[in-house]
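Participant: Here's a structure for you.
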Amino acid sequence: MGKELILSEPIFDDDETIARALEEANTPSLLMAMVHLSGDASIMRGSVRPTAVTLGDDQGGLTPEQQATIRRRALEVLKEYRSGGSRKPPPPSPVEILEMMSFMVGGMVPEEYVPLVIEEIGIGEEDARALKWDKPVPPEVLGRFKVLIIGAGMSGILAAIRLEQAGIPYVIVEKNSAVGGTWFENSYPGCRVDVPNHFYSYSFYDKEWPKHFSTRDDLWAYFDEVAERYGIKAHVRFNTEVVAASFDDDTGRWTARIHGPGGAEEVLEVAAIVSAVGQLNRPKLPDIPGLGGFEGIAFHSAAWEHRHDLGGKRVAVVGTGASAFQFVPEIAKVCAELFVFQRSAPWMFPTDDYHDPVGDGQNWCLEHFPYYSNWYRFWLFWTLSDGMLPALTVDPTWKHLDRSANAVNDDLRLMLTEYVKQQIGADRPDLAAKVIPDYPLGGKRMLRDNGTWLRALKRPNVHLVTDRIREVTAGGVKTESGTGYPVDVIIFGTGFRADHFLWPMKITGRRGADLNQQWGDDPRAYLGITIPGFPNLFCCYGPNTNLVHGGSIIFHSECQVRYILGCLKLLLENGFAAMEPRQDVHDAFNARIDDANARRTWGMPGFSSWYKNSKGRVTQNWPFRLVDYWTVTRAPNPADFILREARRGTRSAPSQGPRRDL
Ligand code: NAP
């Protein structure tokens, strides 16, 4: 991985400097880097071995003595590498990689993860996820096949990079004045990622991250840098929105109506559209009576109004989701009074290094110790991968389904409840009663915590209000008990219109089908990417592709973009104009998704979340393993699609490929 972060060879630092740096290494990753660099598998035959990965342990259960042994041995391996002319051994075979992965995590990693991991951590072929053509496509055919990407956030930039590499022309339409999407828009105090950055980054572009969980500014700078480095920005129409797009049955092409700066309107004709608008794109204000009559300042967390100094102000925050969880501790330091209106409490899990910088030693290892960064990425991938899924799966025979999904889920609930109680201490039973969630762990997004949330709620100027909001008055917030909370500012941390995927655009497919009408608040797509009746419309981060149990949305986007490029290849290499998924394939897939989601914690009844629509169906989440999504999106199966030539009526019989079921 890290095509831009080339290993410095040879290593010039003295042994003492290296030894100091190794003190900060993640020892399971160091062990694997040693095996990889030396080619000496006997390192895995000794008594020093990581045990199973457990929550909160980032050293694989290795004792301090074992860690010291590994660090000493790593220095020897590095010295041998240096004295041998810094020559790398041949890459390990898939069988060896499987053994290394399993050894590292202290358990058996299923074989099906091997090709995924080789790609994800970049120890195989260069940038394996880039499109490879099998047949020559004439330049004039490629030249005519223009793609419109909607949105220049994380997925849009990625789609553009892959199209650029494939030589397919594209234009990006971006409503903001800059790239970065959610990391551009969300600038609230305390905004940061909650997936470690050495995994929450493109598999092909690493950088020296200042923090394990970087702040919004660093993330935005990363996406801006990638867009710059790959020459994407020149293709972006900034401050421009797609307002409508319609598919022409005769030509098999889309026309998109766009509004540019100053309201200038234009029409683009393209062969395909990639929607990269994200799921959390349009802020949602709650429907609270009296909101329009508030005489103070009110704004949404995703459109933070930095011009207002909150110092000395009385502030109300509505919501205690992921966004409020990050900004409340920050603004609590300056507000005179802060009223936090909580409808349901979030589950939080301990992450000590949540705000910590990446140490110089760790950075040295990432940059200079050959293969360390690759194996560290695997470590993060695995610890954030599919291991949690069984704990989030409903056991129908479990006696306490009102509070948990199964016995392990119940144990975790107990553990995290204790974690909360310990932080609060004995003197605030009132607070403990309010902040321990009453729904199963994993029902909503779990939030990373290093103690800042409860420290903030315990401040004398902060009040957690669980009484429901009845109305907003001219001077503040009134709850159902009739209590009034006079405030100067109301901040809504109330989330996004996640169930309206391409809203407010008007997307018209074959025979005039209106996508937003068809979907309502019940969006469905095949693999979250393609939709029957809407040929050549491809979604990134579409319906049922959000991750709750682990992973990184960048990983999922890389799966989607590879699949989309595979679809375009299918069209271009075979002379087709348009493709759409078969209705039966789409329906069967969605039935499997619904069945699986109903058996996960987030599909359990009795509580609401942005994952569920008004009927309680989970429209957002991927209920299977990461490796399952990777497997089904490696390449499109032609048999799943209706493929059309340019003129109406000339339809090809779908070629029969093997079916891949989840
Ligand atoms: P959210 O998770 O949807 O949270 C919205 C909050 O507002 C919830 O506490 C909700 O209560 C409350 N709420 C909504 N309407 C309300 C009303 N009328 N009265 C009182 N409370 C109301 O939104 P978010 O915090 O912006 O986060 C959305 C998603 O963005 C996250 O799940 C995550 O995927 C992503 N995110 C990620 C990060 C990160 O990586 N660090 C940071 C921020 C956001 P209920 O729970 O009772 O509905």
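Under numbering that gives the first Met the number 0, think of the first position of the sequence shown as 0, with each following residue one higher. Ideal Cβ positions, reconstructed from N, Cα and C, are used throughout, including at glycine.
Given a cut-off of 8 Å, decide if Trp621 and Thr529 are closer than it, judged by their beta-carbon atoms.
Facilitator: The answer is no: Cβ separation not under 8 Å.
Participant: Tell me whether His305 is buried or exposed, calling it buried when 16 or more other Cβ atoms sit within 10 Å of its Cβ.
Facilitator: His305 comes out exposed.
Participant: Is the region 139 to 153 in contact with the region 173 to 182, if contact means three or more CB pairs nearer than 8 Å?
Facilitator: They touch, by the three-pair rule.
Participant: What are the start and end residues of the beta strand (DSSP E) that includes Cys538?
Facilitator: 536 to 538 is the span of the beta strand (DSSP E), which, as asked, contains Cys538.
Participant: What does a CB cutoff of less than 6 Å around Leu157 pick up in its chain, not counting 5 residues either side in sequence?
Facilitator: If we look at Leu157 and ignore the five residues flanking it on each side, its Cβ neighbours are Ser556, Val560.
Participant: What is the C-beta distance between Arg454 and Pro260, in whole angstroms, given that I count them as a contact (C-beta under 8 Å)?
Facilitator: Contact flag wrong, Cβ pair sits at about 45 Å.
Participant: On the DSSP bridge assignment, give the partners of Asp247 in chain order.
Facilitator: Partner(s): Arg252.
Participant: Starting from the N-terminal side, write out each stretch of the beta strand (DSSP E) that is 3 residues or longer and does not extend beyond the region 585 to 651.
Facilitator: List check, beta strand (DSSP E) in window: 640 to 643.
Participant: Taking the straight line between their C-alpha atoms, what separation do you get for Lys443 and Ser82?
Facilitator: Taking the straight line joining both Cα atoms gives about 53 Å.
Participant: Within 10 angstroms of its Cβ, does Thr26 collect 16 or more other Cβ (buried), or is it exposed?
Facilitator: With 16 or more Cβ atoms within 10 Å of its Cβ, Thr26 is classed as buried.
Participant: Which residues share a DSSP beta bridge with Asp448?
Facilitator: For Asp448, which the question treats as bridged, DSSP gives the partners Pro349.
Participant: Three-state secondary structure (DSSP) at His35?
Facilitator: If DSSP states are grouped into helix, strand and coil, His35 belongs with the helices.
Participant: Would you say the beta carbon of Lys78 comes nearer than 7 Å to a heavy atom of the ligand NAP?
Facilitator: Flag unset: Cβ of Lys78 not near the ligand NAP.
Participant: For Gly241 and Ala255, I'd like the C-alpha separation in whole angstroms.
Facilitator: Inspection of the sequence shows that residue 241 is occupied by Val rather than by Gly. If you take the alpha carbons of Val241 and Ala255, they lie about 7 Å apart.
Participant: Is it the case that the CB of Trp609 approaches a heavy atom of the ligand NAP more closely than 7 Å?
Facilitator: Flag set: Cβ of Trp609 near the ligand NAP.
Participant: Which full runs of the beta strand (DSSP E) of 3+ residues lie inside the region 468 to 555, going along the chain?
Facilitator: List check, beta strand (DSSP E) in window: 468 to 472, 475 to 478, 483 to 485, 488 to 491, 505 to 507, 536 to 538.
Participant: Could you check whether Val172 and Ala271 sit closer than 8 Å to each other, using their CB atoms as the reference points?
Facilitator: Cβ distance not < 8 Å, so Ala271 and Val172 don't count as in contact.
Participant: Skipping 5 residues on each side, what residues in its chain have a beta carbon closer than 7 Å to that of Asn362?
Facilitator: For Asn362, where only same-chain residues beyond five positions count, the Cβ hits under 7 Å are Glu207.
Participant: Using a threshold of 7 Å, is the CB atom of Pro285 nearer than that to any non-hydrogen atom of the ligand NAP?
Facilitator: Yes, Cβ of Pro285 sits closer than 7 Å to a heavy atom of the ligand NAP.
Participant: Quick check: the Cα distance between Asp437 and His299, rounded to an integer number of angstroms?
Facilitator: Taking the straight line joining both Cα atoms gives about 26 Å.
Participant: Contact check, Ser274 vs Cys538 under 8 Å by CB: the rounded distance?
Facilitator: Indeed, because the Cβ distance is near 5 Å, the residues count as touching under 8 Å.
Participant: Select from His399, Asp627, Tyr484, Ile10 the residue whose C-alpha is nearest the C-alpha of Leu74.
Facilitator: Selected option, being the one with the closest Cα: Ile10.
Participant: If we ignore side chains and look at the alpha-carbon of each, how far apart do Lys312 and His462 end up?
Facilitator: Distance between the alpha carbons of Lys312 and His462 is about 14 Å.
Participant: Which residues mark the beginning and the end of the alpha helix (DSSP H) in which Pro114 is found?
Facilitator: Note, Pro114: alpha helix (DSSP H), 112 to 119.
Participant: Using alpha carbons as the reference points, say which of Ile552, Gly519, Tyr525 lies closest to Ser613.
Facilitator: Residue Gly519 is the option with its Cα nearest to Ser613.
Participant: With contact counted as at least three CB pairs below 8 Å, one residue from each stretch, are the region 340 to 348 and the region 464 to 471 in contact?
Facilitator: Yes, the region 340 to 348 is in contact with the region 464 to 471.
Participant: Quick check: what's the CA-CA separation for Trp609 versus Ala497?
Facilitator: Their Cα atoms are separated by approximately 7 Å.
Participant: What does a CB cutoff of less than 7 Å around Lys131 pick up in its chain, not counting 5 residues either side in sequence?
Facilitator: Excluding residues within five positions, none has a Cβ falling inside 7 Å.
Participant: Quick one: is the Cβ of Leu115 within less than 7 Å of any heavy atom of the ligand NAP?
Facilitator: Because no heavy atom of the ligand NAP lies under 7 Å away, the Cβ of Leu115 does not count as near it: no.
Participant: Touching or not, the region 616 to 633 and the region 581 to 599, by the rule of three or more beta carbon pairs under 8 Å?
Facilitator: The region 616 to 633, when compared against the region 581 to 599, does touch it at the 8 Å Cβ threshold.
Participant: Taking only heavy atoms of the ligand NAP into account, decide whether any of them is closer than 7 Å to the Cβ of Gln684.
Facilitator: No answer is possible for residue 684: it lies beyond the span of the chain, which begins at 0 and ends at 661.
Participant: Leaving out five residues on either side along the sequence, give the residues of the same chain with a beta carbon under 6 Å from the beta carbon of Ser322.
Facilitator: Counting only Cβ-Cβ distances below 6 Å, and skipping sequence neighbours, we find Ser300, Gly492.
Participant: Please state the DSSP three-state secondary structure of Pro580.
Facilitator: DSSP places Pro580 in strand when its eight states are reduced to three.
Participant: If you drop the 5 nearest sequence neighbours on each side, which residues of the same chain put their C-beta closer than 8 Å to that of Asp593?
Facilitator: Around Asp593: Arg616, Val617.
Participant: Strictly under 8 Å for the Cβ-Cβ distance: is Asn373 near chain C by that measure?
Facilitator: Considering every chain present, this structure includes no chain C. It has just one protein chain.
Participant: Assuming Ser28 contacts Tyr375 (C-beta within less than 8 Å), just tell me the rounded distance between them.
Facilitator: At roughly 4 Å, the Cβ-Cβ gap stays under 8 Å, so Ser28 and Tyr375 are in contact.
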